[in-house]
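To keep things clear, I will list the structure first and then write my remarks on it.
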């Protein structure tokens with residue numbers, strides 16, 4: 001995933017937005033977003049900055065100049081080793097999750113705590129790692145158990161979960 005269009009499409013889908021919804025957020029059309037994603041056109045600087053801000057990534061990452069989503073102005077200054085768990089374990093783990101880890105990762109997070117963990121996820125054949133604060137709901141994206149699958153969901157859509165679906169925690173960082 002190295003081009004602007006590929007990254008934009010991945011991040012848009014990760015945030016659960018359609019091309020029309022993202023276009024409305026940054027003040028452009030669905031067609032313009034489609035053209036950005038397919039590489040037919042490029043947005044101006046103002047639109048790139050709006051996209052990066054909304055999608056919570058650095059401009060350098062979005063335009064392909066960096067392989068790291070979060071550098072520069074993101075206020076994370078500390079690095080902590082967090083337990084890395086399997087998605088299928090994320091839904092059923094007790095509060096003390098460290099014993100279920102199959103590995104550990106260094107992650108730039110603001111606070112350390114036993115409720116933080118990392119999980120590798122995949123969306124549209126793109127793998128990424130989400131750092132999650134178990135039990136919290138104060139982020140734009142939440143990690144949810146939806147029909148037995150662990151996946152991100154916008155906070156506003158989490159209130160409509162039904163049946164056995166549940167919120168696992170807040171996604172505090174995507175790396």
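Numbering (the UniProt record's numbering), first residue to last: 1 to 175.
We put the beta carbon where it would ideally sit given N, CA and C, even for glycine.
Next item on the list: Can you have a look at residue 37 and say buried or exposed, based on whether 16 or more other CB atoms are within 10 angstroms of its CB?
Entry: Locating residue 37 in the chain shown gives position 37, counting from the first residue. When all chains shown are included, residue 37 counts as buried.
Item checked: Span of the alpha helix (DSSP H), counted from its first residue to its last, around residue 123 -> Residue numbering aside, residue 123 sits at position 123 when the chain shown is read from its first letter. Taken as a continuous stretch (DSSP letters only), residue 123 belongs to no alpha helix (DSSP H), being part of the beta strand (DSSP E) at 116-123.
Note to self: Going by C-alpha to C-alpha distance, which of 13, 162 and 48 sits closest to residue 28?
What the structure shows: Position 28 of the chain shown, counting from 1, holds the residue named residue 28. Closest option to residue 28, Cα to Cα, is 48.
Notebook entry, point to check: With 16 other CB atoms within 10 Å as the buried threshold, where does residue 140 fall?
Noted result: Residue mapping note: residue 140 aligns to position 140 of the chain shown, counting from 1. Flag for residue 140 reads exposed.
Item checked: residue 49 - DSSP class collapsed to helix/strand/coil -> Position 49 of the chain shown, counted from the first residue, corresponds to residue 49. Note: residue 49 maps to helix in three-state DSSP.
Next item on the list: Could you tell me which of 62, 30 and 34 sits nearest to residue 45, measuring between CA atoms?
Entry: Translated into the one-based positions of the chain shown, residue 45 becomes position 45. Minimum Cα distance to residue 45 is reached at 62.
Next item on the list: Could you check if residue 40 is buried or exposed, using at least 16 other CB atoms within 10 Å of its CB as the buried criterion?
Entry: Counted from its first residue, the chain shown places residue 40 at position 40. Classification of residue 40: exposed, given that the 10 Å Cβ count is below 16.
Checklist line | Whole-angstrom C-beta distance between residue 123 and residue 14, which should lie under 8 Å | finding: In the chain shown, the residue the question calls residue 14 occupies position 14. In the chain shown, the residue the question calls residue 123 occupies position 123. Contact flag correct, Cβ pair sits at about 6 Å.
Margin query: Let me confirm a value: residue 153 is counted as buried when at least 16 other C-beta atoms fall within 10 Å, else exposed. Which label applies?
Written below: The residue you call residue 153 lines up with position 153 of the chain shown. By the neighbour-count definition (other C-beta atoms within 10 Å, threshold 16), residue 153 is a buried residue.
Item checked: C-alpha gap between residue 86 and residue 33, whole angstroms -> Position 86 of the chain shown holds residue 86. Position 33 of the chain shown holds residue 33. Those two C-alpha atoms are separated by around 33 Å.
Check: Terminal residues of the continuous alpha helix (DSSP H) containing residue 26?
Finding: Sequence index remark: in the chain shown, residue 26 carries index 26 (1-based). Taken as a continuous stretch (DSSP letters only), the alpha helix (DSSP H) holding residue 26 covers 19-26.
Notebook entry, point to check: Looking only at C-alpha atoms, which of 157, 160, 158 and 133 sits nearest to residue 171?
Noted result: Counted from its first residue, the chain shown places residue 171 at position 171. Ranking the options by Cα distance to residue 171, first place goes to 133.
Item checked: Contact set for residue 151: own chain, Cβ-Cβ below 6 Å, skip 5 residues either direction -> Counted from its first residue, the chain shown places residue 151 at position 151. Cβ neighbours of residue 151 beyond the five flanking positions: none.
Notebook entry, point to check: If we ignore side chains and look at the alpha-carbon of each, how far apart do residue 165 and residue 10 end up?
Noted result: Taking the first residue of the chain shown as 1, we reach residue 165 at position 165. Taking the first residue of the chain shown as 1, we reach residue 10 at position 10. Going by the C-alpha atoms only, they are around 24 Å apart.
Note to self: If you reduce the DSSP assignment to three classes, tell me which class residue 3 lands in.
What the structure shows: Taking the first residue of the chain shown as 1, we reach residue 3 at position 3. The answer is coil: DSSP assigns residue 3 none of H, G, I, E or B.
Check: Is residue 12 buried or exposed, if buried means 16 or more other CB atoms sit within 10 Å of its CB?
Finding: As a first step, residue 12 must be located in the chain shown, where it is residue number 12. By the C-beta density criterion, residue 12 is buried, having at least 16 other C-beta atoms within 10 angstroms.
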